[in-house]
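**Q** My structure is below; once you've seen it, I'll send some questions.
Number of protein chains: 2
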Amino acid sequence: MARTTIHDIARELNTSSSTVSKALNDHPSISAATKELIKAAAQNLNYRQNRLASSLRSGRTNIIGILIPSSEIGFFGGVVHGIEKIARSNGYNILLFQSSDTGEYEVEGVETLLQTSVDGIIASIAKDTPTLDHFFDVKKRKVPLILFDRVKDELNSPSVVVDDYKGAFMATEHLIQQGYTNIAHISGPQHIKIFNDRLCGYVDALKMNNLPVNDDLIQYGRNSIESGRFSAERLLGRNKDMDAIFAVEDFTALGALQYLKQNGIKMPEKIGMIGFGNESFSPYVTPSLSTIDQQPARMGEEAFNLFLEAMAKKTAGNNGSAVEEVEEEPKKIVLEPVLIVRESSVKNG
Amino acid sequence: MARTTIHDIARELNTSSSTVSKALNDHPSISAATKELIKAAAQNLNYRQNRLASSLRSGRTNIIGILIPSSEIGFFGGVVHGIEKIARSNGYNILLFQSSDTGEYEVEGVETLLQTSVDGIIASIAKDTPTLDHFFDVKKRKVPLILFDRVKDELNSPSVVVDDYKGAFMATEHLIQQGYTNIAHISGPQHIKIFNDRLCGYVDALKMNNLPVNDDLIQYGRNSIESGRFSAERLLGRNKDMDAIFAVEDFTALGALQYLKQNGIKMPEKIGMIGFGNESFSPYVTPSLSTIDQQPARMGEEAFNLFLEAMAKKTAGNNGSAVEEVEEEPKKIVLEPVLIVRESSVKNG
């Protein structure tokens with residue numbers, strides 16, 4: 001017997017092949033009831049998608065590689081989740097490589113993904129990557145490269161980021177609106193742009209609200225719970241009047257919160273606290289932690305859409321007009337941060 | 001100029017090629033100082049590992065596929081971390097596929113990994129997988145398959161699990177030793193073996209300590225924060241004397257903890273609480289949550305070692321004596337659970 005095709009299923013159900021294809025790929029435009037019907041028919045007819053064959057025909061694998069520092073950081077896990085959801089509804093599968101935030105492993109990751117012939121790579125760059133050669137390699141091979149969150153302009157690739165400056169501005173202004181006036185900031189490594197952006201957002205929010213910027217209220221940390229504890233101790237030692245802390249990310253905020261609690265300092269009454277990143281633990285600590293959400297799922301979706309656009313452009317290029325290729329300015333999507341107010345910052349709750 | 005090989009580097013440094021190879025692959029037997037020296041020499045000589053070429057020579061890709069429900073569950077993230085660490089020191093790279101605990105995506109995941117020619121697959125099976133055909137496919141193709149945590153004996157594959165029965169026994173006995181006597185259990189779906197094992201461990205710990213088993217103190221939940229809240233409410237409604245809860249996993253414990261807190265019930269004084277799984281949030285909630293650790297990093301290492309053994313056996317098989325293949329009993333590693341005592345269960349602290 002010949003192999004069952006989507007056309008057989010469509011004929012059986014008196015519908016179109018494109019509806020069948022969409023239903024089998026869980027496209028959102030198809031209702032749950034229709035999907036169920038079509039999947040049942042596909043099973044009855046012993047239909048099985050032959051992706052390897054279709055990949056040989058099209059020269060595509062329908063696999064996208066994602067390269068991230070670590071999926072144990074809630075934000076990256078959320079972005080991957082966002083990419084997976086929309087990728088599946090478009091018939092793509094996702095392979096994930098974790099660089100452990102290490103340049104050497106990132107190079108391995110790019111090689112591994114290229115070796116498995118992914119159709120494209122969506123990446124967030126490791127903290128200590130000394131060169132970008134491995135990413136230039138990807139571009140040389142004409143494999144679409146999309147960046148998110150930790151991006152490098154030199155790569156001239158489409159990208160999605162969140163407005164870190166604005167997020168920090170919002171966090172600081174929220175504390176001011178709650179009546180806090182001596183607001184400290186625990187910052188992160190300044191050679192990484194997003195952390196410097198957050199520092200600038202904090203400084204500008206103070207200035208715009210006619211509050212002084214006090215260097216004693218700024219502590220440079222290292223983005224960890226341990227660093228948050230230490231930084232809170234240093235800040236308290238220097239500033240008897242400090243009444244709030246804006247931490248550069250939630251792990252730092254958690255450390256600061258632990259230190260204050262152990263020293264019997266009441267939050268949010270005596271000291272208000274807000275983090276950045278909306279980590280998975282943040283709603284569950286006591287007091288629950290106010291923070292800035294970076295819309296990870298949305299970021300994943302936008303990154304995938306940028307990949308689809310790059311694929312479409314590549315295909316158009318291959319079908320080839322003779323016009324010389326001009327590298328155009330890559331698309332940059334900047335997402336709005338979202339203020340999440342919880343117990344730790346609501347003085348007048 | 002000819003391409004630089006590891007032999008050139010060895011000659012330059014007056015050492016052996018095997019030392020160079022190990023150093024470049026970060027093998028733990030080589031000191032950090034030696035690694036640095038060798039890597040510097042490799043860079044000077046413009047050495048670059050050509051993995052694709054070596055893969056074509058050996059018929060191996062040196063890539064392992066890992067299939068897990070979700071890396072957002074801390075336990076799975078920890079296992080992947082454990083595999084990555086030892087895999088890297090053995091020159092392997094890891095590609096990760098998340099099934100979202102869905103059978104359909106798990107089938108896609110197996111196909112995707114086979115399509116990318118991984119040398120082996122290490123998997124934890126999705127909750128709702130209706131058939132195991134896709135895993136039998138892996139075995140038919142002679143690709144080594146190693147299972148961990150959520151395993152199926154029918155597959156007759158090497159596996160690593162933690163002793164769930166014993167972990168539950170330890171958790172319950174710990175509560176008894178703290179002076180709690182009316183200990184409830186919030187369990188999970190009973191068609192999944194590990195959750196039934198935990199229930200049995202709870203029941204036997206009560207019996208062994210001459211405490212009655214009271215059906216009113218057992219609530220069947222669905223492994224979520226929401227289900228934990230609901231279950232705590234139901235248990236409290238039925239049992240005025242309940243003085244402790246052992247929850248089947250930490251998200252359930254977190255929900256129960258939230259419910260008790262909102263109702264002004266003091267932990268651990270009035271009610272003691274212990275979870276299972278040592279999730280990343282568990283040390284940070286108030287009170288910090290006692291739990292059972294499943295040694296995820298260790299589980300990952302053991303799984304990788306089982307993969308290496310399977311590869312060695314496969315190679316030996318290919319080099320082929322004429323002896324007929326006899327499928328031997330696959331190796332099963334059972335890890336010891338570890339009791340983690342925190343604030344939520346220490347009545348006499």
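Protein chains in written order, with full-length UniProt numbering: chain A, 1 to 349; chain B, 1 to 349.
We treat Cβ as the ideally placed atom computed from N, Cα and C, and that holds for glycine.
Three-state secondary structure (DSSP) at Thr291/B?
**A** Here residue 291/B refers to the residue found at position 291 of the second sequence. In this structure, Thr291/B counts as strand in the three-state DSSP scheme.
**Q** Could you pull the DSSP bridge partners for Phe148/B from this structure?
**A** For the purposes of this step, residue 148/B is taken as residue 148 along the second sequence, with counting starting at 1. Beta-bridge pairing links Phe148/B to Val160/B.
**Q** Could you list which residues in chain A have their beta carbon closer than 9 Å to that of Glu269/B, in chain order?
**A** Along the second sequence, one-based indexing puts residue 269/B at 269. Neighbours of Glu269/B on chain A: none; closest Cβ ~16 Å, over 9 Å.
**Q** So what does DSSP say about Val323/A, is it helix, strand or coil?
**A** Position 323 of the first sequence, counting from 1, holds the residue named residue 323/A. For Val323/A, the predicted structure reports a pLDDT of 49, less than 50, and the residue's modelled location is therefore unreliable. The matter cannot be settled from this model.
**Q** So, with DSSP's three-state summary, where would you put Ser187/B?
**A** Here residue 187/B refers to the residue found at position 187 of the second sequence. The answer is strand: DSSP assigns Ser187/B an E or B state.
**Q** Run through chain B and tell me which residues come within less than 7 Å of Tyr47/A, C-beta to C-beta.
**A** Along the first sequence, read from residue 1 onward, the residue named residue 47/A stands at position 47. Simply none; closest approach about 13 Å.
**Q** Since Ala41/A is in the beta strand (DSSP E), which residue starts that stretch and which ends it?
**A** Taking the first residue of the first sequence as position 1, residue 41/A is located at position 41. Not the beta strand (DSSP E): Ala41/A falls in the alpha helix (DSSP H), residues 32–44.
**Q** Got a sec: is the Cβ-Cβ distance from Phe281/B to anything in chain A below 8 Å?
**A** Residue numbering aside, residue 281/B sits at position 281 when the second sequence is read from its first letter. Yes - at least one Cβ of chain A is within 8 Å of the one on Phe281/B.
**Q** Measuring CB to CB, does His134/A end up less than 8 Å from Gly300/A?
**A** The residue labelled residue 134/A in the question sits at position 134 within the first sequence. The residue labelled residue 300/A in the question sits at position 300 within the first sequence. No; because the gap between Cβ atoms is not below 8 Å, this pair is not in contact.
**Q** Less than 8 Å between the C-beta atoms of Leu96/A and Leu96/B, yes or no?
**A** Along the first sequence, read from residue 1 onward, the residue named residue 96/A stands at position 96. Along the second sequence, read from residue 1 onward, the residue named residue 96/B stands at position 96. Yes, Cβ-Cβ distance for Leu96/A and Leu96/B is below 8 Å.
**Q** Check whether the segment 138–155 of chain A and the segment 169–187 of chain A are in contact - that is, three or more C-beta pairs closer than 8 Å.
**A** No contact exists between the segment 138–155 of chain A and the segment 169–187 of chain A.
**Q** Just the Cα atoms here: how many angstroms apart are Pro158/B and Phe136/B?
**A** Translated into the one-based positions of the second sequence, residue 158/B becomes position 158. Translated into the one-based positions of the second sequence, residue 136/B becomes position 136. Taking the straight line from one Cα to the other gives about 14 Å.
**Q** Excluding the 5 residues preceding and the 5 following His174/B in the sequence, name in chain order all residues of the same chain whose CB lies nearer than 8 Å to its CB.
**A** As a first step, residue 174/B is located in the second sequence; it is residue number 174 there, counting from the start. Correct list, in chain order: Ile274, Ser290, Leu339, Val341, Ser345.
**Q** Is Met1/A close to chain B, meaning its C-beta is less than 8 Å from at least one C-beta of that chain?
**A** For this step, residue 1/A is matched to residue 1 along the first sequence. Because Met1/A carries a pLDDT of 39, less than 50, the predicted location of this residue cannot be relied on, and the following value inherits that uncertainty. Not one chain B Cβ lies under 8 Å of Met1/A.
**Q** Mark Pro28/A as exposed unless 16 or more other C-beta atoms lie within 10 angstroms of its C-beta, in which case mark it buried.
**A** What you label residue 28/A is simply residue 28 of the first sequence in a count that begins at 1. Exposed.
**Q** How would you write the range of the beta strand (DSSP E) that Gly277/A sits in, first residue to last?
**A** The residue given as residue 277/A occupies position 277 in the first sequence. From DSSP, Gly277/A is part of no beta strand (DSSP E); its letter is neither H nor E.
**Q** Do three or more CB pairs link the segment 292–309 of chain A to the segment 35–44 of chain B at distances below 8 Å?
**A** Segments in contact, no.
**Q** Among residues of its own chain, excluding the 5 on either side of Asp8/A, which ones have a beta-carbon nearer than 8 Å to its beta-carbon?
**A** Position 8 of the first sequence, counted from the first residue, corresponds to residue 8/A. Around Asp8/A: Leu45, Tyr47.
**Q** Which same chain residues end up closer than 6 Å to Ser282/A when comparing Cβ atoms and leaving out the 5 residues on each side of it in sequence?
**A** Along the first sequence, one-based indexing puts residue 282/A at 282. Here the set comprises Asp250, Leu289, Thr291.
**Q** With a 10 Å radius around its C-beta and 16 neighbouring C-beta atoms as the bar for buried, classify Thr129/B as buried or exposed.
**A** Locating residue 129/B in the second sequence gives position 129, where the first residue counts as 1. Thr129/B should be labelled buried.
**Q** Out of Asn182/B, Phe230/B, Ala171/B, Lys313/B, point me to the one whose CA is closest to Asn210/B's CA.
**A** The count along the second sequence starts at 1 and reaches residue 210/B at position 210. Of Asn182/B, Phe230/B, Ala171/B, Lys313/B, the residue nearest in Cα terms is Asn182/B.
**Q** Is the beta carbon of Val285/A less than 8 Å from the beta carbon of Leu257/A?
**A** Sequence index remark: in the first sequence, residue 285/A carries index 285 (1-based). Sequence index remark: in the first sequence, residue 257/A carries index 257 (1-based). In contact: Val285/A and Leu257/A (Cβ atoms closer than 8 Å).
**Q** Can you check the segment 52–105 of chain A for any beta strand (DSSP E) of at least 3 residues that lies completely inside it and give the ranges in chain order?
**A** Complete beta strand (DSSP E) runs here, min 3: 63–68, 93–98.
**Q** Can you pull the chain A residues whose beta carbon is under 7 Å from the beta carbon of Asn44/B, in chain order?
**A** Against the second sequence, residue 44/B aligns to sequence position 44. Residues of chain A passing the Cβ test: none, with the nearest at roughly 15 Å.
**Q** Could you check whether the Cβ of Gln178/B sits closer than 8 Å to any Cβ belonging to chain A?
**A** Mapped onto the second sequence, residue 178/B falls at position 178. No, Gln178/B does not count as interfacial toward chain A.
**Q** Is DSSP giving Gly237/A helix, strand or coil here?
**A** On the first sequence, residue 237/A is found 237 positions in, with the first residue counted as 1. Helix.
**Q** Any chance the CB of Asp133/B is under 7 Å from a heavy atom of the ligand COA?
**A** Looking for the ligand COA in the displayed structure turns up nothing, as the structure carries no ligands at all.
**Q** So what's Ile225/A in DSSP terms, helix, strand or just coil?
**A** Against the first sequence, residue 225/A aligns to sequence position 225. DSSP places Ile225/A in helix when its eight states are reduced to three.
**Q** Tell me the DSSP bridge mates of Tyr220/A?
**A** Taking the first sequence and counting its residues from 1, the one referred to as residue 220/A is at position 220. Beta-bridge pairing links Tyr220/A to Ser187/A.
**Q** Can you name the start and end residues of the beta strand (DSSP E) that Leu335/B belongs to?
**A** Start at 1 with the first residue of the second sequence, and residue 335/B comes out as number 335. Unbroken beta strand (DSSP E) run through Leu335/B: 332–335.
**Q** Output, in chain order, the set of chain B residues within a Cβ distance shorter than 9 Å of Val285/A.
**A** Here residue 285/A is taken as the residue at index 285 of the first sequence, counted from 1. Correct list: Phe281, Tyr284, Val285, Thr286.
**Q** With 8 Å as the threshold, decide whether the Cβ of Phe97/A is near any Cβ in chain E.
**A** No chain E is part of this structure, whose protein chains are labelled A and B.
**Q** For Phe195/A and Val248/A, what's the separation of their Cα atoms in angstroms?
**A** Within the first sequence, residue 195/A is the residue found at index 195, counting from 1. Within the first sequence, residue 248/A is the residue found at index 248, counting from 1. So the two alpha carbons sit approximately 7 Å from each other.
**Q** Check whether the Cβ atoms of Arg141/A and Ser124/A lie closer than 8 Å to each other.
**A** By 1-based counting over the first sequence, the position of residue 141/A is 141. By 1-based counting over the first sequence, the position of residue 124/A is 124. Contact: no.
**Q** Between the segment 13–26 of chain B and the segment 86–100 of chain B, can you find at least three pairs of beta-carbon atoms closer than 8 Å?
**A** Contact holds: three or more Cβ-Cβ distances are below 8 Å.
**Q** Name the DSSP beta bridge partners of Gly120/B, please?
**A** Walking along the second sequence from the start, residue 120/B turns up at place 120. Bridge partners of Gly120/B: Ile64/B.
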